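*Asks:* Could you have a look at this structure, given as structure tokens, before my questions?
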Amino acid sequence: VTDRELHKLGEVLRTAREAKGVDLARVERDTKIRARYLTALEGGDYAELPGPVYTKGFLRNYGAYLGLDSEYLVDLYRLESAQPVTEKPSMPVPPRPIATRRRRLVVTPGTVVWALLTVGVAAFVIYFVSEFMTFARVPDLRITDPASGNVAGYQQMQYRIVGITEPNSHVTVKGLRENPSTTADETGNFAIVVALVPGSNVITLTANDPLTGRNSREVSVTIVVGSGGPSASPGGGVVVTAPADRVTLRGTVAIRGTAPPAAKLTLSAKLVDAAASSIRIESLAGDQVRIPRRNPAAPEPQTITTSDSGAFSGSLALAPGTWDLQLTLAGASEPVTRRVTVQPAAGLHGILRIRGGTSYLEIDEDGAPKKDVSGQNADSGTRVELSAREALRIRVGNAGAVRLVINGIDLGPMGDSGRVVEWRITRR
Numbered sequence: 015v016t017d018r019e020l021h022k023l024g025e026v027l028r029t030a031r032e033a034k035g036v037d038l039a040r041v042e043r044d045t046k047i048r049a050r051y052l053t054a055l056e057g058g059d060y061a062e063l064p065g066p067v068y069t070k071g072f073l074r075n076y077g078a079y080l081g082l083d084s085e086y087l088v089d090l091y092r093l094e095s096a097q098p099v100t101e102k103p104s105m106p107v108p109p110r111p112i113a114t115r116r117r118r119l120v121v122t123p124g125t126v127v128w129a130l131l132t133v134g135v136a137a138f139v140i141y142f143v144s145e146f147m148t149f150a151r152v153p154d155l156r157i158t159d160p161a162s163g164n165v166a167g168y169q170q171m172q173y174r175i176v177g178i179t180e181p182n183s184h185v186t187v188k189g190l191r192e193n194p195s196t197t198a199d200e201t202g203n204f205a206i207v208v209a210l211v212p213g214s215n216v217i218t219l220t221a222n223d224p225l226t227g228r229n230s231r232e233v234s235v236t237i238v239v240g241s242g243g244p245s246a247s248p249g250g251g252v253v254v255t256a257p258a259d260r261v262t263l264r265g266t267v268a269i270r271g272t273a274p275p276a277a278k279l280t281l282s283a284k285l286v287d288a289a290a291s292s293i294r295i296e297s298l299a300g301d302q303v304r305i306p307r308r309n310p311a312a313p314e315p316q317t318i319t320t321s322d323s324g325a326f327s328g329s330l331a332l333a334p335g336t337w338d339l340q341l342t343l344a345g346a347s348e349p350v351t352r353r354v355t356v357q358p359a360a361g362l363h364g365i366l367r368i369r370g371g372t373s374y375l376e377i378d379e380d381g382a383p384k385k386d387v388s389g390q391n392a393d394s395g396t397r398v399e400l401s402a403r404e405a406l407r408i409r410v411g412n413a414g415a416v417r418l419v420i421n422g423i424d425l426g427p428m429g430d431s432g433r434v435v436e437w438r439i440t441r442r
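Using the working numbering, read the sequence shown as starting at 15 and increasing by one per residue.
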């Protein structure tokens, strides 16, 4: 009998391992079987193995790793080690070493049921939390007309209150001699007409959400009904809600309030004190350029018509300084006045205009040349907007034709006609 025939088991193991493309060191790491035992199995050196019981355990683990029939390997081992096939293990087979191969996912009916239960429980929890939040929150109720919540000098005995709440909510009114109610539509919009009495009418509205059964917070509206035409008292029923008196702000001044419905108001502004200069100008030679102190012109008065509910709004663009805003109602003896202080905007902002001639321009904003303007000639009628954070450099070839307004300060022409002038303008 040849040695090759005696060690057929080893040949089977070695051939399968080489076909798998792994060495003994890798098998040792993956199966946790010592390399010397693996060598003994492949070489048929069974005397080096710990014993039949452990050897069979190694064969079963090694065979599973190589994808071979483990029982076939055990039978070969019994034949080659001259052990009878009917041999029974004298002691329990030790547990197989832990293999590092990934187990395939096996989908069983139990797994499917468990997954469905998990999804069902998660959906129930989400639904429960959503319903709890819906039922726990206070329903919304907002009044959109009158927008400010108050109307002064109203001259009619009925008012249509408009608002938004939860869909299909029941809206009730209290505080009047007759307290009507209404139901919001499917989008939550509602309108309700209330009967008024002369003088102050404080109307309280509440909405009940049919879905949750909860009431909204109470919202109050005050409507003051006059006894006749516009009042002869100052303001004539004009109530200014913004801006506040003696407020300091920047930019365009917005004004809002209430007055009699469909009334005409005149909005004007009167300069109280011009702002101190917020800029500094140096010539190319480093000399200070005197900044003329000119009072900014007041804007043209505006006519504002109040809405059917008496609300009004308007705005004025004012130069830096202190101004009195005046709102005058037709027929009123005196205007309503709000004093405001307008500060210059942050940085440097202004307008350059060319009048009565052509001029060469070089303009840098914070050191960057003005695109499509700098380094070119500009004709009369040209208007250039200027904006910088820190500094403006302006060089002109015909100073008499170039006029500047910076941060609301009218600087006039930059110099005499035909003269080359360069200014550096910075914030104080």
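Glycine residues also receive a C-beta, built at the ideal position from the N, C-alpha and C atoms. Since the structure is predicted, the reported quantities are computational estimates derived from the model, not experimental observations.
1. For T158, I'd like the list of residues in its chain whose CB is within less than 8 Å of its CB, leaving aside the five on either flank, ordered along the chain.
2. Please classify F72 as buried or exposed, where buried requires at least 16 neighbouring CB atoms within 10 angstroms.
3. For P64, does the count of other Cβ atoms within 10 angstroms reach 16, so buried, or fall short, so exposed?
4. Reducing DSSP to helix, strand and coil, say where A402 ends up.
5. Give the DSSP bridge partners of R40, in chain order.
6. Is DSSP giving L343 helix, strand or coil here?
7. I need the straight-line Cα distance from K284 to R231, nearest angstrom please.
8. Assuming I293 and I423 form a contact by the criterion Cβ under 8 Å, report the distance between their Cβ atoms to the nearest whole angstrom.
9. Would you call A128 buried or exposed, if buried means 16 or more other Cβ atoms sit within 10 Å of its Cβ?
10. Leaving out five residues before and five after I206 in sequence, what residues of the same chain have Cβ atoms less than 7 Å from its Cβ?
11. Answer with buried or exposed for K102, where buried requires no fewer than 16 other C-beta atoms within 10 angstroms of its C-beta.
12. Return the CA-CA distance between P212 and A166, expressed in angstroms with no decimal places.
13. For N222, which residues of its own chain have a beta-carbon under 7 Å away from its beta-carbon, when the five flanking residues on both sides are left out?
14. So for E436, helix, strand or coil by DSSP?
15. Please name the residue in A54, V88 and R48 whose C-alpha comes closest to that of V67.
16. Roughly how far, in whole angstroms, is the beta-carbon of P313 from the beta-carbon of L341, given that I think they are within contact range, below 8 Å?
17. Please name the residue, chosen from S95, T45 and V253, that lies closest to G58 on a Cα-to-Cα basis.
18. Where do the N-terminal and C-terminal ends of the alpha helix (DSSP H) with T29 fall, by residue?
19. E200 and P224 - do their beta-carbons sit closer together than 8 Å?
20. Starting from P66, trace the alpha helix (DSSP H) both ways and give me its first and last residue.
21. Just curious, the beta strand (DSSP E) that Y173 is in, first and last residue?
22. Any idea which residues DSSP pairs E348 with across the strands?
23. Are the segment 403-422 and the segment 363-373 touching by the rule of at least three beta carbon pairs closer than 8 Å?
24. Can you tell me whether T122 is helix, strand or coil according to DSSP?
25. Opposite S234 in the DSSP bridges: which residues?
26. What do you get for I112, buried or exposed, if any count of 16 or more other CB atoms within 10 angstroms of its CB means buried?
27. Output the boundary residues of the alpha helix (DSSP H) element that contains L281.
28. On the criterion of 16 or more Cβ atoms from any shown chain inside 10 Å, does F142 qualify as buried, or is it exposed?
29. Measuring straight from C-alpha to C-alpha, what distance separates T319 and N164?
30. So, using beta-carbon positions, are Y168 and V238 closer together than 8 Å?
*Replies:* According to the structure data:
1. V176, G177 and I178
2. buried
3. exposed
4. strand
5. In the DSSP output, where bridge partners are listed per residue, R40 has none listed.
6. Looking at L343 - three-state DSSP - the assignment turns out to be strand.
7. 43 Å
8. 7 Å
9. Checking the displayed sequence, the identity of residue 128 turns out to be Trp instead of Ala. Exposure of W128 is indicated by the presence of fewer than 16 other C-beta atoms within 10 angstroms of its C-beta.
10. I175, V185, V187, P194 and T196
11. For K102, the predicted model reports a pLDDT of 44, less than 50, meaning its position is unreliable; a value from the coordinates is still stated below. K102 should be labelled exposed.
12. 12 Å
13. S183, H184 and N229
14. strand
15. V88
16. No, P313 and L341 are not in contact; Cβ-Cβ is about 14 Å, not under 8 Å.
17. S95
18. Note, T29: alpha helix (DSSP H), K22 to K34.
19. No; because the gap between Cβ atoms is not below 8 Å, this pair is not in contact.
20. P66 to L80
21. Start and end: Q172 to T179.
22. Its beta-bridge partners do not exist; DSSP assigns none.
23. yes
24. In the structure shown, T122 sits in coil (DSSP, three-state: anything other than H, G, I, E or B).
25. T218
26. Residue confidence is low: I112 scores 43 on pLDDT, short of 50, so the model does not pin down where it sits. Its coordinate-derived value is still stated next. Exposed.
27. Taken as a continuous stretch (DSSP letters only), L281 belongs to no alpha helix (DSSP H), being part of the beta strand (DSSP E) at K278 to A288.
28. exposed
29. If you take the alpha carbons of T319 and N164, they lie about 17 Å apart.
30. yes
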